[in-house]
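Asker: For reference, the structure I am asking about is given below.
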Amino acid sequence: MGRIILDKVTKSFGEVEVIPPLDLEIDDGEFVVFVGPSGCGKSTLLRLIAGLEDVSGGHISIDGKDATEIPPAKRGLAMVFQSYALYPHMSVRKNIAFPLRMAGLDKAEQEKRVMQAAEVLNLTDYLDRRPGQLSGGQRQRVAIGRAIVREPAAFLFDEPLSNLDAALRVGMRLEISELHKRLATTMIYVTHDQVEAMTMADKIVVLQAGVIEQVGSPLELYQRPRNTFVAGFIGSPKMNLIGGAEAEKMGAATIGIRPEHIEISDTEGTWKGRVGVSEHLGSDTFFHVQTEASPEPITVRTTGEKALEYGQDVFLTPRPEHLHRFDAAGLRIE
Amino acid sequence: MARAVSTKTKVINTAIVGTLGFLVFFPILWIAILSFKTEENAIRAPLEVLFGSGWTFESYFTVQARSDYFKHFSNSVIISVGSTFFGLLIAVPAAWAMAFVPAKRTKDLLMWMLSTKMLPPVGVLVPIYLIFRDLGILDTRSGLVFVLMMMNLPIIIWMLYTYFKEIPGEILEAARMDGATLREEILYVLTPMAVPGIASTVLLNIILAWNEAFWTLNLTAARAAPLTQFIASYSSPEGLFYAKLSAASVMAIAPILILGWFSQKQLVRGLTFGAVK
Chain U
306 MGRIILDKVT KSFGEVEVIP PLDLEIDDGE FVVFVGPSGC GKSTLLRLIA
356 GLEDVSGGHI SIDGKDATEI PPAKRGLAMV FQSYALYPHM SVRKNIAFPL
406 RMAGLDKAEQ EKRVMQAAEV LNLTDYLDRR PGQLSGGQRQ RVAIGRAIVR
456 EPAAFLFDEP LSNLDAALRV GMRLEISELH KRLATTMIYV THDQVEAMTM
506 ADKIVVLQAG VIEQVGSPLE LYQRPRNTFV AGFIGSPKMN LIGGAEAEKM
556 GAATIGIRPE HIEISDTEGT WKGRVGVSEH LGSDTFFHVQ TEASPEPITV
606 RTTGEKALEY GQDVFLTPRP EHLHRFDAAG LRIE
Chain W
1090 MARAVSTKTK VINTAIVGTL GFLVFFPILW IAILSFKTEE NAIRAPLEVL
1140 FGSGWTFESY FTVQARSDYF KHFSNSVIIS VGSTFFGLLI AVPAAWAMAF
1190 VPAKRTKDLL MWMLSTKMLP PVGVLVPIYL IFRDLGILDT RSGLVFVLMM
1240 MNLPIIIWML YTYFKEIPGE ILEAARMDGA TLREEILYVL TPMAVPGIAS
1290 TVLLNIILAW NEAFWTLNLT AARAAPLTQF IASYSSPEGL FYAKLSAASV
1340 MAIAPILILG WFSQKQLVRG LTFGAVK
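First to last, the sequence lines map onto chains U and W.
By the count of this note's numbering, the first sequence reaches residue 639 at its end, each step adding exactly one.
By the count of this note's numbering, the second sequence reaches residue 1366 at its end, each step adding exactly one.
Take a look at the structure:
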């Protein structure tokens, strides 16, 4: 079980309030991702749930019990740290067994659970090595192993993949998703990488300056961002946000259109422009087009076959059904 | 590119270092030589001492017969090991607190502790002597253990604090998440990780306590007298006995020299711990 409820939780460091009163519900078995730019308070929020930081106000409940005053060890949560935080003086086996040893389990039971975890994570051959003799990906798996043997109510991940190289990151992303499907345990995952958020989450919590900007499924956030911050943060390449006269024509302070929702043509269209830099990814091509509609170049996504010259004149047409409109406060207009 | 060093430079550098090393070591070597001479031969001109006759173990036997070496030796061991052990009991938690849960005034506290080492010990000799007298712990080993522990505590805490600072806090947080109590966290995670640092702290403090002469000479007479007292007793008002004094000195410094020799790797490693990540 792992239902976590934050009720008006606040956190201040001295005079600075990093998290103003915040409410959030996380259902049992959910994969929740906290995402936001660095310094948005996402890691602090995770540490509050873990109990590694004390809340300045409000309550945290885990499975219906008020956990606000419970020390981290007693909350029944397991955490995977960005730096892995393995015990360097212990073998992999002892690292994974450490929480079991602290819980006072007998040796045979410890060994059984360590073997199970090692099998799940492909670590059987490395059990007698020290963390220093492992690669980054293997260390990360040990850290996960140490978390799963406890059979926690929920897993907390603090940017676990940011120390890995790009290829390994994609692999580990899949492994963690796979693990979630298999264990069906609540997972809270902190990242600044919106691709990780989109690909892994059941529910994304977008944070900025300690405030929740929007909570929703990846597609909800993608298709119906509640404000310009979420619109700009979720999606890669970013949504084109256009202000000024073009927006006013449509009765908004800002309009947003995603790169894949713009038609590009040599002959006719809404906005006239000139092709700047093109980025060829093979499957897709991104064109950065300078138009009279906005001072910023507009990004357009096409199929990989499309070819346009640098400096060529083109016309862009946003698909009206995919236009997002935002008011002066940056909030979505329905 | 590696820096090129010519053979000539290497030879010169080796010669300079060798000479310096010899100069530093010479007094100890000379004491060792004198200790094997008869009293009469020991006061001759240096060359005569070196090449003359009169080599003997006599001084060692005389010294052992006159003042019981092993009693002083065991006092030294008890005082230096004891003061270091009790010092660690206080210093490990203190350094943990200062390294991992620092408060506003932690830095000031550290400086204040260090400042107590700037005071000349003789400045507090009278009050401490009187306190010892009134408590009836003059010339006791427990009294010396206590006073040497207090004297070295700032250094022990400072050293451990520097080592602990090198240990990432996340590892201790991981231990907390894994269900370790504070005691278990310090015992199973922090201490084993800080072993090189703790070991060099221990060694350095044993050496400091072993060689400490001011308090051991002033607060002991006979019963608790360590090896420093043993040496001092040979520079007596009746006159200097070079050979016996030398023999006593050799006997006093030999154990700590041997300890230092075998642990030099550990000492150097500990003292430069964290210098290169």
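Note that CB positions come from ideal geometry on N, CA and C, so glycine has one too.
Keep in mind it's a predicted model, so treat the numbers as computed, not measured.
Counting only Cβ pairs nearer than 7 Å, list the residues of chain W close to PRO404 (chain U).
Answerer: Indexing the first sequence from 1 puts residue 404 (chain U) at position 99. The answer, in chain order, is ASP1267 and GLY1268.
Asker: Nearest chain W C-beta to PRO342 (chain U) closer than 8 Å, yes or no?
Answerer: Indexing the first sequence from 1 puts residue 342 (chain U) at position 37. No, PRO342 (chain U) lies away from the interface with chain W (no Cβ there is under 8 Å from its Cβ).
Asker: Under 8 Å between the Cβ atoms of GLU1233 (chain W) and ALA1313 (chain W)?
Answerer: By one-based count along the second sequence, residue 1233 (chain W) stands at place 144. By one-based count along the second sequence, residue 1313 (chain W) stands at place 224. The identity of residue 1233 (chain W) in the sequence shown is Leu, whereas the question assumes Glu. It is a contact, given that the beta carbons lie within the stated cut-off.
Asker: GLU551 (chain U) and ILE562 (chain U): beta carbons closer than 8 Å?
Answerer: The residue you call residue 551 (chain U) lines up with position 246 of the first sequence. The residue you call residue 562 (chain U) lines up with position 257 of the first sequence. No, these two residues do not count as a Cβ contact at 8 Å.
Asker: Applying a beta-carbon distance threshold of less than 8 Å, which residues of chain W neighbour PHE386 (chain U)?
Answerer: Walking along the first sequence from the start, residue 386 (chain U) turns up at place 81. Within chain W, the residues near PHE386 (chain U) are GLU1259, GLU1262 and ALA1263.
Asker: What did DSSP end up calling GLN1355 (chain W) once you bin it into helix, strand or coil?
Answerer: Residue numbering aside, residue 1355 (chain W) sits at position 266 when the second sequence is read from its first letter. Helix.
Asker: Check the Cβ of PRO393 (chain U) against every Cβ in chain W and list those closer than 7 Å, keeping chain order.
Answerer: Locating residue 393 (chain U) in the first sequence gives position 88, where the first residue counts as 1. In chain order: MET1282.
Asker: Does any residue of chain W have a CB that is nearer than 8 Å to the CB of ALA383 (chain U)?
Answerer: Locating residue 383 (chain U) in the first sequence gives position 78, counting from the first residue. Yes, contact with chain W.
Asker: Counting contacts by CB-CB distance shorter than 8 Å, is GLU1301 (chain W) in contact with chain U?
Answerer: Indexing the second sequence from 1 puts residue 1301 (chain W) at position 212. Closer than 8 Å: no.
Asker: Please state the DSSP three-state secondary structure of TYR494 (chain U).
Answerer: Taking the first residue of the first sequence as position 1, residue 494 (chain U) is located at position 189. Looking at TYR494 (chain U) - three-state DSSP - the assignment turns out to be strand.
Asker: Might you give, ordered along the chain, the residues of its own chain that have their beta carbon closer than 8 Å to the beta carbon of ASN545 (chain U), omitting 5 neighbours on each side?
Answerer: Within the first sequence, residue 545 (chain U) is the residue found at index 240, counting from 1. Correct list, in chain order: GLY561, ILE562, ARG563, PRO564, ILE567, SER599, GLU601, ILE603 and THR604.
Asker: Based on the DSSP secondary-structure assignment, which residues constitute the bridge partners of ARG304 (chain U)?
Answerer: Residue 304 (chain U) cannot be examined here, being either before or after the span of chain U that is shown, 306 to 639.
Asker: Using only CA atoms, which one of W:GLN1353, W:GLY1258 and W:ALA1321 lies nearest to VAL1339 (chain W)?
Answerer: In the second sequence, residue 1339 (chain W) corresponds to position 250, counting from 1. Comparing Cα-Cα distances from VAL1339 (chain W) to each of W:GLN1353, W:GLY1258 and W:ALA1321, the minimum goes to W:ALA1321.
Asker: 8 Å is my cut-off, CB to CB: does GLU1255 (chain W) come that close to chain U?
Answerer: As a first step, residue 1255 (chain W) must be located in the second sequence, where it is residue number 166. False, the Cβ-Cβ gap to chain U never drops below 8 Å.
Asker: With 16 other CB atoms within 10 Å as the buried threshold, where does PRO530 (chain U) fall?
Answerer: As a working mapping, residue 530 (chain U) is identified with position 225 in the first sequence. Buried: at least 16 other Cβ atoms inside 10 Å.
Asker: Could you pull the start and end residues of the alpha helix (DSSP H) that SER570 (chain U) belongs to?
Answerer: Along the first sequence, one-based indexing puts residue 570 (chain U) at 265. Taken as a continuous stretch (DSSP letters only), SER570 (chain U) belongs to no alpha helix (DSSP H), being part of the beta strand (DSSP E) at 567 to 570.
Asker: Listing by chain order, which chain W residues have their CB less than 8 Å from the CB of ALA390 (chain U)?
Answerer: To locate residue 390 (chain U), count along the first sequence from 1; it is residue 85. Near ALA390 (chain U) (Cβ distances below 8 Å), the residues of chain W are PRO1257, GLU1259, ILE1260, GLU1262 and ALA1263.
Asker: Restricting to Cα atoms, I'd like to know which of U:LEU350, U:ALA378, U:LYS611 and U:GLY341 is closest to ALA1269 (chain W).
Answerer: Numbered from 1 along the second sequence, position 180 holds the residue referred to as residue 1269 (chain W). Minimum Cα distance to ALA1269 (chain W) is reached at U:ALA378.
Asker: Would you mind reading off the limits of the beta strand (DSSP E) that contains GLU601 (chain U)?
Answerer: Residue 601 (chain U) sits at position 296 when you count from the first residue of the first sequence. Taken as a continuous stretch (DSSP letters only), GLU601 (chain U) belongs to no beta strand (DSSP E), as it is neither H nor E.
Asker: Suppose the cutoff is 8 Å on Cβ atoms and the five residues either side in sequence are ignored; what does the same chain contact list for PRO457 (chain U) look like?
Answerer: Numbered from its first residue, the first sequence carries residue 457 (chain U) at position 152. Result list for PRO457 (chain U): GLY307, GLY381, LEU382, ALA383 and THR490, in chain order.
Asker: For MET505 (chain U), report the span of its beta strand (DSSP E) as first-last.
Answerer: Here residue 505 (chain U) is taken as the residue at index 200 of the first sequence, counted from 1. Segment 499 to 505 is the alpha helix (DSSP H) holding MET505 (chain U); no beta strand (DSSP E) there.
Asker: Quick check on GLN617 (chain U): buried or exposed, where buried means 16 or more other Cβ atoms within 10 Å of its Cβ?
Answerer: Residue 617 (chain U) sits at position 312 when you count from the first residue of the first sequence. The residue is exposed, with fewer than 16 neighbouring Cβ atoms inside 10 Å.
Asker: List the residues of chain U that GLU1128 (chain W) touches, going by C-beta distances under 7 Å, in chain order.
Answerer: Against the second sequence, residue 1128 (chain W) aligns to sequence position 39. Within 7 Å Cβ-Cβ: nothing; GLU1128 (chain W) doesn't reach chain U, min ~55 Å.
Asker: Give the list of continuous alpha helix (DSSP H) stretches no shorter than 4 residues that lie fully inside the stretch 1217 to 1244 of chain W.
Answerer: With a minimum length of 4 residues, no continuous alpha helix (DSSP H) run stays inside the stretch 1217 to 1244 of chain W.
Asker: DSSP puts SER371 (chain U) in a beta bridge; with which residues?
Answerer: Counting from 1 along the first sequence, the entry for residue 371 (chain U) is found at position 66. One detail in the question is off: residue 371 (chain U) reads as Asp in this sequence, not Ser. The partner list for ASP371 (chain U) (beta bridge, DSSP) reads U:SER366.
Asker: If you draw a straight line from the alpha carbon of LEU621 (chain U) to that of HIS593 (chain U), how long is it in whole angstroms?
Answerer: Here the question's residue 621 (chain U) lines up with position 316 in the first sequence. Here the question's residue 593 (chain U) lines up with position 288 in the first sequence. One C-alpha to the other measures close to 11 Å.
Asker: Between the Cα of VAL338 (chain U) and the Cα atoms of U:ALA633, U:VAL500, U:THR533 and U:GLN595, which residue gives the shortest distance?
Answerer: The residue you call residue 338 (chain U) lines up with position 33 of the first sequence. For the residues U:ALA633, U:VAL500, U:THR533 and U:GLN595, the minimum Cα distance to VAL338 (chain U) belongs to U:VAL500.
Asker: Report buried or exposed for TYR1252 (chain W), applying the criterion of at least 16 other Cβ atoms within 10 angstroms of its Cβ.
Answerer: Working through the second sequence from its first residue, we reach residue 1252 (chain W) at position 163. With 16 or more other Cβ atoms within 10 Å, it is buried.
Asker: Cβ closer than 7 Å: which chain U residues qualify as neighbours of GLU1273 (chain W)?
Answerer: The residue given as residue 1273 (chain W) occupies position 184 in the second sequence. Ordered by position in chain U, the residues that pass the 7 Å Cβ test against GLU1273 (chain W) are MET407.
Asker: For TRP1144 (chain W) and PHE1125 (chain W), I'd like the C-alpha separation in whole angstroms.
Answerer: Along the second sequence, read from residue 1 onward, the residue named residue 1144 (chain W) stands at position 55. Along the second sequence, read from residue 1 onward, the residue named residue 1125 (chain W) stands at position 36. Cα to Cα, TRP1144 (chain W) sits roughly 5 Å from PHE1125 (chain W).
Asker: Leaving out the 5 sequence neighbours to the left and right, which residues in its chain are closer than 6 Å to MET1238 (chain W) when beta-carbon positions are compared?
Answerer: Looking up residue 1238 (chain W) in the second sequence gives position 149. Closer than 6 Å at the Cβ level, and outside the excluded window around MET1238 (chain W), lie SER1172, PHE1175 and GLY1176.
Asker: Going along the chain, which unbroken runs of the alpha helix (DSSP H) with 4 or more residues stay wholly within the stretch 1246 to 1277 of chain W?
Answerer: If we require 4 residues or more, the alpha helix (DSSP H) runs fully inside the stretch 1246 to 1277 of chain W come out as 1258 to 1266.
Asker: Under a Cβ-count criterion, where at least 16 other Cβ atoms within 10 Å of its own Cβ denotes burial, should ALA612 (chain U) be classed as buried or exposed?
Answerer: Counted from its first residue, the first sequence places residue 612 (chain U) at position 307. With fewer than 16 other Cβ atoms within 10 Å, it is exposed.
Asker: Does the beta carbon of VAL1291 (chain W) come closer than 8 Å to any beta carbon on chain U?
Answerer: Here residue 1291 (chain W) is taken as the residue at index 202 of the second sequence, counted from 1. Chain U, which has no Cβ nearer than 8 Å to the Cβ of VAL1291 (chain W), makes this no.
Asker: For the alpha helix (DSSP H) holding ALA1134 (chain W), just list the boundary residues, first then last.
Answerer: Here residue 1134 (chain W) is taken as the residue at index 45 of the second sequence, counted from 1. From DSSP, ALA1134 (chain W) is part of no alpha helix (DSSP H); its letter is neither H nor E.
Asker: Please report the Cβ distance between GLY442 (chain U) and MET477 (chain U), rounded to the nearest whole angstrom; I am assuming they are in contact, meaning their Cβ atoms lie under 8 Å.
Answerer: Here residue 442 (chain U) corresponds to residue number 137 of the first sequence, with the count starting at 1. Here residue 477 (chain U) corresponds to residue number 172 of the first sequence, with the count starting at 1. About 6 Å separates the two Cβ atoms, so the contact holds.
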